[in-house]
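This report concerns only the one structure given below.
Protein chains in written order, with our numbering: chain A, 1 to 361; chain B, 1001 to 1313.
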């Protein structure tokens, strides 16, 4: 008889709530144990056992795994797919085995994540549910992600203008709790209406035309604030409304590559891997909507975003919109990021004051 | 009648710059010295120097700080403005050259390019990750060749056939230099090649994809190096302005930014230079983040504390 599974998976922003909800539904007999929150210690141990030139998300994932294993997990999940991320699972499993850990590794992307392959993988990991219930669990998780993404999108736009500091974060906290406990669609509906009510009651001192920055780049680095020194928070403190479409739901939405190349306005001829073309097409639409600036965020060595960078530079030059490119690894100094963000916000503000561009035009 | 003036400091990793400017931005007194890893003593030394140089009838009504130690020194001097280097450099340069469209700045550890349009910063870039082609690298190479950093520029100008030095990375540049030296290149040719490598690395890494339009102003400590300046002129094929006070522009800018109209003090008290300040960096044990929290004490009394990710500490 197998020992009781203790399941864990890496962190990614606040989505651990949704991963946890999904895993608890899929494995009712197992214990789900999320790794401790990402701290400097996570970064240190992840970095120590990772290849030096692999991108930062790999290192953070590995740090999460090690901390989860130390806390008692014996079954680790990885999704994979996308870019080099598709190979993460293989390498991470090997590194952890070499370190002497004993665990089951479940990598959903093997066999290209075909639904049948995924359900076979889940069965192998001990999921007792029939196919339609597996589908229902994924459906509930996807719906939860949508509610979370919608709230977080609103929050990024408005948190810089809240009248009572911390009020947006308090709603966020409550919403996460509700989603993590959700077990059926009715729970989701009540979470969603809670968020809508809370939003309508919150007091904002939002100017009519705030500074607006659109964020694009590699998705993990965007979504995991401890991987980017909480730069969205800093922008909010500078009084900037932040737009970022890229989130979990965006990641899971299938995209038409040819249309994406068309939407990148001639700045790309071919797909450049993962979400590189999305970065270009979204930046173009931000520029055309009259945004004040673009932030391009990537982990150091992210090939798709590196490919997108020259197209972005041309685009921003032509459209006359400033772009700030930031690369993150486990060692980039927080002070350097803060200086660049502060200077960026300062520049946008002064530019706006001088009315060189008319926003919203 | 006392004249009102503004104090600006730029506390960089390598050098500390301090200026007192009058209402029109003219420099009344200045100080330039090595930080040598100790921003607090360096600032005190600079203040003592300014106190001696400054005419009696000048009173300082506001203080601005910039540079990598701005947070610490801002707390120490209770500054009116604590600003990033980009904004400060642009403000300083615009007070001298209002038409500037490109600022090239190379300092001790970082380098930046700032693009302006009608006096407004429209784009900028800073070096990322590595200090290739900055002042610290030039100093290290001068030292290795047994030269004073001040003579490096003049020596470079004497060269007739600059050596080819790899520009991408300072480690490669150094091995190129060693190799060329061992095969018999003269020191003049080597340093001329080095100056060119610094310029190429700046244009490729920091200035990549940016349109450099005149008037161009070059500043920061390295702008004093005539070898690098002439390499820039050759590479960009246009006139490049270097102010006599090009090394002080960040501090001048900080002094201008301090003057935001809300004056908090009647007069800045230079006696701060004689008060003992102590700083202490401690790893916070509150959580696994182990943030390095720095606290600064003025005469034994806690003045400010920063560095914690949670905002607490």
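Where is the CB? At the ideal position from N, CA and C, for every residue including glycine.
Contact set for residue 1012(B): own chain, Cβ-Cβ below 7 Å, skip 5 residues either direction
If the five residues before and after residue 1012(B) are omitted, its C-beta is found closer than 7 Å to the C-beta atoms of 1035, 1067, 1068, 1107 and 1108, all from its own chain and listed in chain order.
Neighbour flag for residue 339(A) against chain B, beta carbons, 8 Å
It does: the Cβ of residue 339(A) has a partner Cβ on chain B nearer than 8 Å.
Assigned exposure category for residue 1259(B) - 16 Cβ within 10 Å defines buried:
Looking at its Cβ environment, which holds 16 or more other Cβ atoms inside 10 Å, residue 1259(B) is buried.
Quick check on this structure: which residue in 23(A), 102(A), 84(A) and 134(A) has the alpha carbon closest to the alpha carbon of residue 70(A)?
Out of 23(A), 102(A), 84(A) and 134(A), 102(A) has the C-alpha closest to the C-alpha of residue 70(A).
Pairwise C-alpha distance: residue 4(A) and residue 26(A):
The alpha-carbon atoms of residue 26(A) and residue 4(A) are separated by roughly 15 Å.
When burial is assigned at 16 or more other CB atoms within 10 Å of the CB, is residue 282(A) buried or exposed?
So residue 282(A) ends up on the buried side.
Could you say which of 219(A), 24(A) and 72(A) lies nearest to residue 136(A) if we only look at CA atoms?
For residue 136(A), the closest alpha carbon among the candidates 219(A), 24(A) and 72(A) is that of 24(A).
Is it right to say residue 192(A) is buried, meaning 16 or more other beta carbons lie within 10 angstroms of its own, or is it exposed?
Under a 10 Å Cβ-count criterion, residue 192(A) is classified as buried, with 16 or more other Cβ atoms of the shown protein chains found around its own Cβ.
Alpha carbon to alpha carbon, how far is residue 1114(B) from residue 343(A)? Give it in angstroms, no decimals.
Between residue 343(A) and residue 1114(B), the C-alpha separation is close to 11 Å.
Against chain A: residues of the region 1223 to 1239 of chain B by CB proximity under 9 Å
Residues of the region 1223 to 1239 of chain B whose Cβ lies closer than 9 Å to any Cβ of chain A: none.
Determine the burial state of residue 1222(B): buried for a count of at least 16 other Cβ atoms within 10 Å of its Cβ, exposed for fewer.
It counts as buried.
May I ask you to list, following chain order, the residues of the region 315 to 332 of chain A that have a beta carbon less than 9 Å from some beta carbon of chain B?
Against chain B - using a Cβ distance shorter than 9 Å - the residues of the region 315 to 332 of chain A are 316, 317, 320, 322, 323, 324, 325, 326, 327, 329, 331 and 332.
Any 3 or more C-beta pairs closer than 8 Å across the region 1091 to 1101 of chain B and the region 1195 to 1210 of chain B:
No, because fewer than three Cβ pairs between the region 1091 to 1101 of chain B and the region 1195 to 1210 of chain B fall closer than 8 Å, the two stretches do not touch.
Applying a beta-carbon distance threshold of less than 9 Å, which residues of chain A neighbour residue 1120(B)?
In chain order, 347, 350, 351, 353, 354 and 356 make up the part of chain A whose C-beta sits under 9 Å from the C-beta of residue 1120(B).
For residue 1284(B), would you say it is in contact with chain A, using Cβ-to-Cβ distances shorter than 8 Å as the test?
No - not a single Cβ of chain A is within 8 Å of the one on residue 1284(B).
For the region 1060 to 1089 of chain B, enumerate the residues whose C-beta is nearer than 8 Å to any C-beta of chain A, in chain order.
Against chain A - using a Cβ distance shorter than 8 Å - the residues of the region 1060 to 1089 of chain B are 1068, 1083, 1084, 1085, 1086 and 1087.
Beta bridge counterpart(s) of residue 1304(B) as assigned by DSSP
Paired residues: 1296(B).
Among residues of its own chain, excluding the 5 on either side of residue 376(A), which ones have a beta-carbon nearer than 6 Å to its beta-carbon?
This structure does not reach residue 376(A), given that chain A is present from 1 up to 361, and the question cannot be answered.
Give me the subset of the region 145 to 158 of chain A whose CB atoms are less than 7 Å from a CB atom of chain B, sorted by chain position.
Within the region 145 to 158 of chain A, not one residue has a Cβ closer than 7 Å to any Cβ of chain B.
Using a Cβ-Cβ distance under 8 Å, would residue 967(B) count as near chain A?
Given a span of 1001 to 1313 for chain B in the structure shown, any question on residue 967(B) remains unanswerable.
Per-residue contacts from residue 1123(B) into chain A (C-beta, under 7 Å):
Residues of chain A passing the Cβ test: 322.
Nonlocal neighbours in the same chain, by C-beta distance under 6 Å from residue 1145(B), ignoring five residues either side
Contacts found: 1187.
What is the DSSP secondary structure of residue 111(A), counted as helix, strand or coil?
Here DSSP, grouped into helix, strand and coil, assigns residue 111(A) to helix.
Would you kindly work out how many angstroms separate the C-alpha atoms of residue 1117(B) and residue 1303(B), rounded to a whole number?
Distance between the alpha carbons of residue 1117(B) and residue 1303(B): 40 Å.
What are the start and end residues of the alpha helix (DSSP H) that includes residue 85(A)?
Per DSSP, residue 85(A) belongs to the alpha helix (DSSP H) from 85 to 98.
Within this structure, are the beta carbons of residue 285(A) and residue 277(A) separated by less than 8 Å?
Contact: no.
Taking 8 Å as the CB-CB cut-off, is residue 41(A) touching chain B?
Using beta-carbon distances, residue 41(A) counts as an interface residue toward chain B, with a partner under 8 Å.
Using a cut-off of 7 Å between C-beta atoms, extract the partners of residue 342(A) located in chain B.
In chain order: 1084.
Measuring straight from C-alpha to C-alpha, what distance separates residue 142(A) and residue 13(A)?
The straight-line gap from Cα to Cα measures roughly 16 Å.
At the 8 Å Cβ level, is residue 439(A) part of the contact set with chain B, yes or no?
Nothing about residue 439(A) can be read from this structure; chain A reaches only from 1 to 361.
Name the chain B residues that come within less than 9 Å of residue 73(A), Cβ to Cβ?
Chain B residues near residue 73(A): none, gap ~17 Å exceeds 9 Å.
Roughly how many angstroms separate the alpha carbons of residue 1202(B) and residue 206(A), rounded to a whole number?
In a straight line, the C-alpha of residue 1202(B) is about 40 Å away from that of residue 206(A).
Under 8 Å between C-beta atoms of residue 315(A) and residue 280(A)
Yes, these two residues count as a Cβ contact at 8 Å.
Measuring only the C-alpha atoms, how far is residue 249(A) from residue 1292(B)?
When rounded, the distance between both Cα atoms is 36 Å.
Run through the region 169 to 231 of chain A for me and flag every whole beta strand (DSSP E) of 3 or more residues, listed as ranges in chain order.
Segments of the beta strand (DSSP E) lying fully in the region 169 to 231 of chain A: 211 to 217.
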